[in-house]
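Before any comments, here is the structure.
Protein chains: 2
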Amino acid sequence: MPDDDRKRQILDAALELADERGLAAVTMRALAQKLGVTAMALYPHIGDKDGLLDGLVDRMLAELLPAVATHGTPEQRLLAIGRAARALARRHPSAYPLLLSRPAVTPDAVRLVDALYAALLDLGVPAGEVPRVERLLSTFTLGYATSEANGRFSAGAINRAQFPEDQVPAHRELSEVLERAPDWDAEYEADLADLMLMVRTRWSENDGWLKLQALPE
Amino acid sequence: MPDDDRKRQILDAALELADERGLAAVTMRALAQKLGVTAMALYPHIGDKDGLLDGLVDRMLAELLPAVATHGTPEQRLLAIGRAARALARRHPSAYPLLLSRPAVTPDAVRLVDALYAALLDLGVPAGEVPRVERLLSTFTLGYATSEANGRFSAGAINRAQFPEDQVPAHRELSEVLERAPDWDAEYEADLADLMLMVRTRWSENDGWLKLQALPE
DNA sequence: ACCTGAACACCGTTCAAGT
DNA sequence: ACCTGAACACCGTTCAAGT
Numbered sequence: 020m021p022d023d024d025r026k027r028q029i030l031d032a033a034l035e036l037a038d039e040r041g042l043a044a045v046t047m048r049a050l051a052q053k054l055g056v057t058a059m060a061l062y063p064h065i066g067d068k069d070g071l072l073d074g075l076v077d078r079m080l081a082e083l084l085p086a087v088a089t090h091g092t093p094e095q096r097l098l099a100i101g102r103a104a105r106a107l108a109r110r111h112p113s114a115y116p117l118l119l120s121r122p123a124v125t126p127d128a129v130r131l132v133d134a135l136y137a138a139l140l141d142l143g144v145p146a147g148e149v150p151r152v153e154r155l156l157s158t159f160t161l162g163y164a165t166s167e168a169n170g171r172f173s174a175g176a177i178n179r180a181q182f183p184e185d186q187v188p189a190h191r192e193l194s195e196v197l198e199r200a201p202d203w204d205a206e207y208e209a210d211l212a213d214l215m216l217m218v219r220t221r222w223s224e225n226d227g228w229l230k231l232q233a234l235p236e
Numbered sequence: 020m021p022d023d024d025r026k027r028q029i030l031d032a033a034l035e036l037a038d039e040r041g042l043a044a045v046t047m048r049a050l051a052q053k054l055g056v057t058a059m060a061l062y063p064h065i066g067d068k069d070g071l072l073d074g075l076v077d078r079m080l081a082e083l084l085p086a087v088a089t090h091g092t093p094e095q096r097l098l099a100i101g102r103a104a105r106a107l108a109r110r111h112p113s114a115y116p117l118l119l120s121r122p123a124v125t126p127d128a129v130r131l132v133d134a135l136y137a138a139l140l141d142l143g144v145p146a147g148e149v150p151r152v153e154r155l156l157s158t159f160t161l162g163y164a165t166s167e168a169n170g171r172f173s174a175g176a177i178n179r180a181q182f183p184e185d186q187v188p189a190h191r192e193l194s195e196v197l198e199r200a201p202d203w204d205a206e207y208e209a210d211l212a213d214l215m216l217m218v219r220t221r222w223s224e225n226d227g228w229l230k231l232q233a234l235p236e
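Taken in sequence, the protein lines are chains A and B. Per my numbering, the very first residue in the first sequence carries number 20; after that it's consecutive. Per my numbering, the very first residue in the second sequence carries number 20; after that it's consecutive.
Written out as structure tokens, the structure is:
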């Protein structure tokens, strides 16, 4: 398939363009120019603009797939994928949010989800709950890196000062903590640890001592 | 401030346009036409296109703010906000993803975060961990509704069939479960319950019986 | 089979001009 | 103070034409 090589070449260039100048800079015209060709020459290979963005999702998932391991404990395997997902987001901050907004239906995507399913099953999560827990974990992972990439987490400091303190009592109580600049690497690790704890206490190690309470209405 | 009324009017129309025809249909020209005015007439009120989108974020947060309650247990208060966030996403599926990609710095945004901080403090989460846990919970909530709105969760069924089963063993093992169409309302409730359990077991009710294990490298 | 060039129907935004 | 109309520099995409 010589056309697939050309498609890969185009997607590589598109991802590079997104990394260097942002997702908004990935236009058919700019991408074509980068490849020394006309915008219209891209269409036979990638479909339309939407197809190009779907291609970027596939391209990133392919980059994530090597993080799938067969050795190690199920917990280690989940963590490896979680960490690799954030490393991917660091390499491609502009393109990464596409993963949250576009369904991935390629073989690579299914393989990745299959690895997560397998690890959750090995951890003792009942079959009926596995897809839900996979969605919970992947949603958090994709959402976290997207928030980081878009600066959603860095907004607090700007605005805290210009606000009447008596209207935000909890902010006042946390003022010392909020002064400190967070270590995002450490925070992500702590989040993964909490989520692993959740899975473990909920299903793996509950020798009858844990009763899940009904939620209040 | 008569100009603030006009701004609110413009934002209401923009949100309506997004609800009816998608976020891509919210162009300066289309919005102006809906208001019976020229595109250029919008600029003094909302800044530029970016200011318009920031305004939509504020508009949605204002709609979410009434979910903040002072009565009830801290857990009930967290759940009320989590449920209201998803109800908001149902009303505004196209605009909702903006919450994940744009920092919110309005007074309403700070008030909302303050309510979450207060509930977590009341639950017994140590001050040093409160901002992190708030980010974990809000990231999940925003990411989940964004995934739902964009159809990320509905992709599996399409592709499962056309895949060689021996390459995805966990999918095969889960085939019965994966046949069933998920109840998204129930799934979201179960996710909230698991996250509440995580917070409770991690901090509120750990009378020394829970030792957080170090994560494997 | 693969690429080009001109054209079409859109964008956001600037700017001078109107009232 | 608020709005308009024309214009500019862009978009994605169609289509006939080239080789």
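The beta-carbon is built from N, C-alpha and C at its ideal position, and this holds for glycine as well. All values reported here derive from a predicted model rather than from experimental measurement.
Assigned secondary structure, residue i (DSSP; H/G/I helix, E/B strand, else coil)
{"i": "residue 56 of chain A", "result": "coil"}
{"i": "residue 123 of chain A", "result": "coil"}
{"i": "residue 73 of chain A", "result": "helix"}
{"i": "residue 89 of chain A", "result": "coil"}
{"i": "residue 136 of chain A", "result": "helix"}
{"i": "residue 41 of chain B", "result": "coil"}
{"i": "residue 67 of chain B", "result": "coil"}
{"i": "residue 145 of chain A", "result": "coil"}
{"i": "residue 111 of chain A", "result": "coil"}
{"i": "residue 33 of chain B", "result": "helix"}
{"i": "residue 116 of chain A", "result": "coil"}
Residue range of the unbroken alpha helix (DSSP H) whose run includes residue i
{"i": "residue 206 of chain A", "result": "203-218"}
{"i": "residue 46 of chain B", "result": "Here residue 46 of chain B belongs to no alpha helix (DSSP H), and DSSP marks it neither H nor E."}
{"i": "residue 150 of chain B", "result": "149-169"}
{"i": "residue 194 of chain A", "result": "194-198"}
Length of the line joining the Cα atoms of residue i and residue j
{"i": "residue 37 of chain B", "j": "residue 143 of chain A", "result": "43 angstroms"}
{"i": "residue 204 of chain A", "j": "residue 103 of chain A", "result": "12 angstroms"}
{"i": "residue 215 of chain B", "j": "residue 40 of chain B", "result": "36 angstroms"}
{"i": "residue 136 of chain B", "j": "residue 149 of chain B", "result": "6 angstroms"}
{"i": "residue 237 of chain B", "j": "residue 194 of chain A", "result": "Within the shown structure, residues of chain B are numbered from 20 to 236, placing residue 237 of chain B beyond reach of any answer."}
{"i": "residue 201 of chain A", "j": "residue 83 of chain B", "result": "27 angstroms"}
{"i": "residue 64 of chain B", "j": "residue 93 of chain B", "result": "39 angstroms"}
{"i": "residue 90 of chain B", "j": "residue 45 of chain B", "result": "39 angstroms"}
{"i": "residue 34 of chain B", "j": "residue 70 of chain B", "result": "14 angstroms"}
{"i": "residue 18 of chain B", "j": "residue 75 of chain A", "result": "Because chain B spans 20 through 236 in this model, residue 18 of chain B falls outside it and cannot be assessed."}
{"i": "residue 95 of chain A", "j": "residue 130 of chain B", "result": "39 angstroms"}
{"i": "residue 115 of chain B", "j": "residue 107 of chain B", "result": "8 angstroms"}
{"i": "residue 221 of chain A", "j": "residue 212 of chain B", "result": "11 angstroms"}
{"i": "residue 165 of chain B", "j": "residue 80 of chain A", "result": "19 angstroms"}
{"i": "residue 105 of chain A", "j": "residue 207 of chain B", "result": "24 angstroms"}
{"i": "residue 210 of chain A", "j": "residue 125 of chain A", "result": "29 angstroms"}
{"i": "residue 67 of chain B", "j": "residue 43 of chain B", "result": "16 angstroms"}
{"i": "residue 151 of chain A", "j": "residue 101 of chain B", "result": "17 angstroms"}
{"i": "residue 199 of chain B", "j": "residue 147 of chain A", "result": "10 angstroms"}
{"i": "residue 47 of chain A", "j": "residue 28 of chain A", "result": "14 angstroms"}
{"i": "residue 218 of chain B", "j": "residue 145 of chain B", "result": "11 angstroms"}
{"i": "residue 117 of chain B", "j": "residue 99 of chain B", "result": "21 angstroms"}
{"i": "residue 183 of chain A", "j": "residue 22 of chain B", "result": "24 angstroms"}
{"i": "residue 32 of chain B", "j": "residue 50 of chain A", "result": "35 angstroms"}
Residue closest to residue i, alpha-carbon to alpha-carbon, out of the options
{"i": "residue 120 of chain B", "options": "B:72, B:78, B:27, B:98", "result": "B:72"}
{"i": "residue 111 of chain B", "options": "B:78, B:150, B:157", "result": "B:78"}
{"i": "residue 122 of chain B", "options": "B:66, B:197, B:161, B:220", "result": "B:161"}
{"i": "residue 188 of chain B", "options": "A:220, A:133, A:96", "result": "A:133"}
{"i": "residue 88 of chain A", "options": "A:157, A:147, A:138, A:107", "result": "A:138"}
{"i": "residue 172 of chain A", "options": "B:183, B:157, B:173", "result": "B:157"}
{"i": "residue 5 of chain A", "options": "A:25, A:98, A:213", "result": "This structure cannot speak to residue 5 of chain A, because chain A is shown only from 20 to 236."}
{"i": "residue 163 of chain A", "options": "A:109, A:191, A:185, A:22", "result": "A:109"}
Closer than 7 angstroms: residue i CB and nearest the ligand ZN heavy atom
{"i": "residue 97 of chain B", "result": "This structure does not include the ligand ZN; it has no bound ligands of any sort."}
Proximal residues of chain A, C-beta to C-beta of residue i below 8 angstroms
{"i": "residue 173 of chain B", "result": "122"}
{"i": "residue 197 of chain B", "result": "150"}
{"i": "residue 33 of chain B", "result": "Going along chain A, no residue has its Cβ under 8 angstroms from residue 33 of chain B, so there is no contact; the nearest lies around 20 angstroms."}
Under 7 angstroms from the C-beta of residue i: neighbouring residues of chain B
{"i": "residue 209 of chain A", "result": "151"}
{"i": "residue 163 of chain A", "result": "158"}
{"i": "residue 140 of chain A", "result": "189, 192"}
Contact set between residue i and chain A, taken where Cβ atoms lie within less than 7 angstroms
{"i": "residue 74 of chain B", "result": "Correct list: empty, because the minimum Cβ distance to chain A is about 15 angstroms."}
{"i": "residue 114 of chain B", "result": "Within chain A, no residue comes near residue 114 of chain B; the closest Cβ sits about 13 angstroms away, beyond 7 angstroms."}
{"i": "residue 154 of chain B", "result": "172"}
{"i": "residue 40 of chain B", "result": "Residues of chain A passing the Cβ test: none, with the nearest at roughly 17 angstroms."}
{"i": "residue 47 of chain B", "result": "Residues of chain A passing the Cβ test: none, with the nearest at roughly 16 angstroms."}
Chain A contact residues for residue i, given Cβ-Cβ distances below 9 angstroms
{"i": "residue 186 of chain B", "result": "126, 129, 130, 133"}
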